[in-house]
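Residue numbers (our numbering): 3 to 98. Glycine residues also receive a C-beta, built at the ideal position from the N, C-alpha and C atoms. Predicted model, so just to flag it, every value in this text is computed and none were measured. Some notes on the structure that comes next.
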Amino acid sequence: MARTSDTADYMVTQCQACGMLNVIPREYSEGRVCADCSGGPLMPMGYAILQERPTSRVTVQVDVERDQLDRLIDDVAAVNETVDGIIQKIGKIKEG
3 MARTSDTADY MVTQCQACGM LNVIPREYSE GRVCADCSGG PLMPMGYAIL
53 QERPTSRVTV QVDVERDQLD RLIDDVAAVN ETVDGIIQKI GKIKEG
């Protein structure tokens with residue numbers, strides 16, 4: 003299929019096995035299989051332009067209640083004390 007525009011970076015194809023439309027990057031159109039049924043072949047239908055660019059970064063915001071954070075800090079401190087005690091006992095065993 004001849005390219006109709008320099009702005010069309012994607013190709014619309016239709017799976018001949020299940021009929022699902024697949025939008026794939028134009029430069030990688032050969033050898034693709036259907037994303038829905040993993041079959042094919044994919045028949046070109048035309049070119050497409052994405053309205054928005056695909057997201058390359060995802061930002062995640064985590065809200066933690068203060069009491070949960072305080073409990074976690076206390077748990078980490080308790081583990082740290084336990085490890086320090088074990089290290090001291092191992093040191094005494096090595097000495098004596």
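Between the alpha carbons of I51 and I26 lies a gap of roughly 11 Å.
Here the stretch 54-65 does not lie against the stretch 75-82, with fewer than 3 beta-carbon pairs under 8 Å apart. Spanning the alpha carbons of R68 and Y12 requires a straight line of approximately 47 Å.
Rounded to the nearest angstrom, the gap between the Cα atoms of M22 and A79 is 55 Å. Measuring C-alpha to C-alpha distances from G42 to each of T15, E29 and D65 identifies T15 as the nearest.
In this structure, the straight-line span from the alpha carbon of D65 to that of L71 is close to 10 Å.
As computed with DSSP, V25 is found in a beta bridge with V14.
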